[in-house]
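What follows is one structure encoded as structure tokens, with my remarks underneath.
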Amino acid sequence: MARATLSDAIQDYLREIYKLSGTAERVSTTALARGMGVSAASASAMVKKLAVLGLVEHAPYRGVTLTGDGERVALEVTRHHRLLELYLAQTLGIAVDEVHAEADRLEHVLSDELEARIDEALGFPTHDPHGDPIPDANLEWPDGS
Numbered sequence: 001m002a003r004a005t006l007s008d009a010i011q012d013y014l015r016e017i018y019k020l021s022g023t024a025e026r027v028s029t030t031a032l033a034r035g036m037g038v039s040a041a042s043a044s045a046m047v048k049k050l051a052v053l054g055l056v057e058h059a060p061y062r063g064v065t066l067t068g069d070g071e072r073v074a075l076e077v078t079r080h081h082r083l084l085e086l087y088l089a090q091t092l093g094i095a096v097d098e099v100h101a102e103a104d105r106l107e108h109v110l111s112d113e114l115e116a117r118i119d120e121a122l123g124f125p126t127h128d129p130h131g132d133p134i135p136d137a138n139l140e141w142p143d144g145s
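Here the UniProt record's numbering is used: position 125 in the sequence shown is 125, and no number is missing along the way.
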């Protein structure tokens, strides 16, 4: 499923599930709701939608995991976000503590072509301005991450 056809909210949920899955094999809807700043009912409704789209596997009372497609979208959004944070800080001189919110808005509309140009202009970076790793163009994490 193409990232561009998915709503910003769906992309944000997938990125949050990916982030939370680093600390637990299955992500609870309670943890997801807390991470997204929404009610448990809202998170549950979105999880059901994500499951119908084939982006997550959900077992009631056991949590949620990303499918291969869901993980790919989450990594693409993470890559866009972190490249944008670095570009905004390094190239445009925006304070590091201010780039996150701006990157959150822009990550969903960044084309693959512009992503590649930003990546090249920044010298194919491996980490964002906060020190977090940036997946490469093949959505692989840098060595040691």
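Cβ atoms here follow ideal geometry from the backbone N, Cα and C, with glycine treated the same way.
The UniProt domain "HTH dtxR-type" (6–67) contains, as complete beta strand (DSSP E) runs of 3+ residues, the segments 56–59, 63–66 (chain order).
For V99, the uninterrupted alpha helix (DSSP H) run begins and ends at 99–106, by DSSP. Note that the C-beta distance between A103 and A116 is not below 8 Å. The residue from E25, A101, V38, T23 with its alpha-carbon nearest to that of Y13 is V38. Across the structure, V99 and A89 are spaced so that their CA atoms are roughly 7 Å apart. Put simply, of V73, M36, P60 the residue whose alpha carbon is nearest the alpha carbon of L53 is V73.
Annotated three-state conformation of H127 is strand, per DSSP. Cβ-Cβ separation between S42 and A33: approximately 7 Å, consistent with a contact (criterion under 8 Å). Cβ atoms of T29 and S44 come within 8 Å of each other, at about 5 Å. Taking C-beta atoms as the reference points, I17 and L66 count as a pair closer than 8 Å. Around the beta carbon of T78, a 10 Å sphere encloses 16 or more other beta carbons of the protein chains shown; the residue is thus reported as buried.
Within the DSSP bridge table, the entry for P133 names H127 as partners.
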